[in-house]
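To start, the structure under review is shown below, and the notes come after it.
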Amino acid sequence: MTILVTGGAGYIGSHACVELLNSGHDIVVFDNFYNSSPEVLDRIKEITGRSFLAYECDMLDEEAMERIFSENKIDAVMHFAGYKAVGESCEKPLMYYHNNIQGTLTILNAMARHNVKKFVFSSSATVYGDPQSVPIDETFPLSATNPYGRTKLMIEEMLRDLYAADNSWSIILLRYFNPVGAHESYMIGENPKGIPNNLMPMINKVAQQELPVLKIFGNDYNTKDGTGVRDYIHVVDLAKGHVKAIEYIENYNTIESINLGTGKGYSVLEMVHTYMRVNNVAVNYIFTDRRPGDIAECYANPEKALRLLNWKAEYDLEKMCRDSYLWSVSATKR
Ligand code: NAD
Ligand code: UDP
Numbered sequence: 084m085t086i087l088v089t090g091g092a093g094y095i096g097s098h099a100c101v102e103l104l105n106s107g108h109d110i111v112v113f114d115n116f117y118n119s120s121p122e123v124l125d126r127i128k129e130i131t132g133r134s135f136l137a138y139e140c141d142m143l144d145e146e147a148m149e150r151i152f153s154e155n156k157i158d159a160v161m162h163f164a165g166y167k168a169v170g171e172s173c174e175k176p177l178m179y180y181h182n183n184i185q186g187t188l189t190i191l192n193a194m195a196r197h198n199v200k201k202f203v204f205s206s207s208a209t210v211y212g213d214p215q216s217v218p219i220d221e222t223f224p225l226s227a228t229n230p231y232g233r234t235k236l237m238i239e240e241m242l243r244d245l246y247a248a249d250n251s252w253s254i255i256l257l258r259y260f261n262p263v264g265a266h267e268s269y270m271i272g273e274n275p276k277g278i279p280n281n282l283m284p285m286i287n288k289v290a291q292q293e294l295p296v297l298k299i300f301g302n303d304y305n306t307k308d309g310t311g312v313r314d315y316i317h318v319v320d321l322a323k324g325h326v327k328a329i330e331y332i333e334n335y336n337t338i339e340s341i342n343l344g345t346g347k348g349y350s351v352l353e354m355v356h357t358y359m360r361v362n363n364v365a366v367n368y369i370f371t372d373r374r375p376g377d378i379a380e381c382y383a384n385p386e387k388a389l390r391l392l393n394w395k396a397e398y399d400l401e402k403m404c405r406d407s408y409l410w411s412v413s414a415t416k417r
């Protein structure tokens, strides 16, 4: 298949490009490099030894979207492009609704015009809001606690409406838990601009002594050690889940939401201590107040992905911590 990868220079998109190419698929990529750089595309080519066409353009640009679909024979779209910072989405909600919602609509309209009806969407565990229990399965009630999460929820609903109106579409909503790690070439990885929000890039910066201390947001949660528990998943496992998803909708017309997680919950302290041990580095930390909007525990029931896609995560926390660290070392040298 030829897959159009939107946001293919980003963290998860770049890893998905590698796995798609390694699985024998062809790709076409576009990105506006708002949160990434063009060199990432060269590195994908170097890692895989394969070439592909890439466009620098914005998904909000209707003419550019039309051009991409006119110039290429696209079979399916994997949609990563979007803004993703929760805090920023609270400060600039219109910017988030415009980019994420309007951008997705522009792509879907171009797809409809060109009769391309296979779509894999980057959703998030954030659509479960504050879940009543863990592990979380796909039938849990959906809600959002911030504008970013609401864009994911709205797009999911838009896609369900689209399928209800025309069941020749085939759509998978992949709900990611907490992606970390990097490809073991250490040529691509997560490269947040500015001060990171997420735990792993923050740990990397403290280990590299670019930041003095990790603030652990709360040690009074009702969890194993009082710190927040999440389902961290290696980005390469996550990327492989996308290949399985695209191969699934090659054969079925359906709409399915599917969790991509490991099913295991680790606390912030477990994460920090594993990172220090496997990498033999110090990570200074202090406990501070809870971060507003954070929940105590979040981890997946990943059985549906196994049942439908024959996919499960393979890499453990040690590998996630090692690859995150080695990527951050290689990124600082570059
Ligand atoms: P990322 O920021 O690294 O990648 C997104 C890419 O989209 C970037 O390269 C950016 O330049 C591009 N982009 C943004 N707006 C664009 C536009 N208007 N036109 C063209 N390109 C545009 O983010 P990521 O971590 O790779 O996340 C990919 C997707 O997965 C996002 O939709 C995100 O919401 C979702 N997601 C991420 C996580 C996570 O923890 N990283 C968790 C759940 C869901
Ligand atoms: N966290 C933390 N310090 C940080 C960043 C995150 O203690 O600097 C905690 C956060 O409270 C949560 C976990 O790490 O319990 C994962 O947070 P992240 O922002 O990476 O993901 P999300 O909250 O979206 O699951």
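Just add 83 to the spot in the sequence shown (first one is 1) and you have this note's numbering.
Positions of the beta carbon are idealized from the N, C-alpha and C atoms, including for glycine.
Here the structure is a predicted model, which is why all the values come from computation and not from measurement.
Check: residue i C-beta below 6 Å from any heavy atom of the ligand UDP
{"i": "Met241", "result": "no"}
{"i": "Leu282", "result": "yes"}
{"i": "Asp377", "result": "yes"}
{"i": "Val296", "result": "no"}
{"i": "His313", "result": "The displayed chain sequence assigns Arg, not His, to residue 313. Within the cutoff, so yes."}
{"i": "Phe300", "result": "yes"}
Residue i CB to nearest heavy atom of the ligand NAD below 6 Å
{"i": "Ile95", "result": "yes"}
{"i": "Phe420", "result": "There is no way to answer for residue 420, as the model of the chain reaches only from 84 to 417."}
{"i": "Pro262", "result": "yes"}
{"i": "Phe163", "result": "yes"}
{"i": "Ala159", "result": "no"}
{"i": "Tyr259", "result": "yes"}
{"i": "Met403", "result": "no"}
Beta-carbon contacts of residue i that lie in its chain and below 6 Å, excluding the five residues immediately before and after
{"i": "Gly232", "result": "Thr209"}
Where residue i falls, given that 16 or more other Cβ within 10 Å makes a residue buried
{"i": "Gly346", "result": "buried"}
{"i": "Glu339", "result": "buried"}
{"i": "Pro224", "result": "exposed"}
{"i": "Lys323", "result": "buried"}
{"i": "Tyr179", "result": "buried"}
{"i": "Lys200", "result": "buried"}
{"i": "Pro284", "result": "buried"}
{"i": "Lys235", "result": "buried"}
{"i": "Asn183", "result": "buried"}
{"i": "Lys276", "result": "exposed"}
{"i": "Lys156", "result": "exposed"}
{"i": "Lys307", "result": "exposed"}
{"i": "Lys327", "result": "buried"}
{"i": "Gly132", "result": "exposed"}
{"i": "Leu297", "result": "buried"}
{"i": "Cys151", "result": "For the record, residue 151 in the displayed sequence is Ile; it is not Cys. Looking at its Cβ environment, which holds 16 or more other Cβ atoms inside 10 Å, Ile151 is buried."}
DSSP three-state assignment for residue i, whether helix, strand or coil
{"i": "Tyr211", "result": "strand"}
{"i": "Lys167", "result": "coil"}
{"i": "Ser350", "result": "strand"}
{"i": "Thr306", "result": "coil"}
{"i": "His325", "result": "helix"}
{"i": "Glu139", "result": "strand"}
{"i": "Ile271", "result": "coil"}
{"i": "Arg313", "result": "strand"}
{"i": "Lys395", "result": "coil"}
{"i": "Met161", "result": "strand"}
Residues near residue i by beta carbon distance below 7 Å, same chain, minus five either side
{"i": "Gly96", "result": "Val88, Gly90, Phe163"}
{"i": "Asn384", "result": "Pro218, Ile219, Asp220, Asn342, Gly346"}
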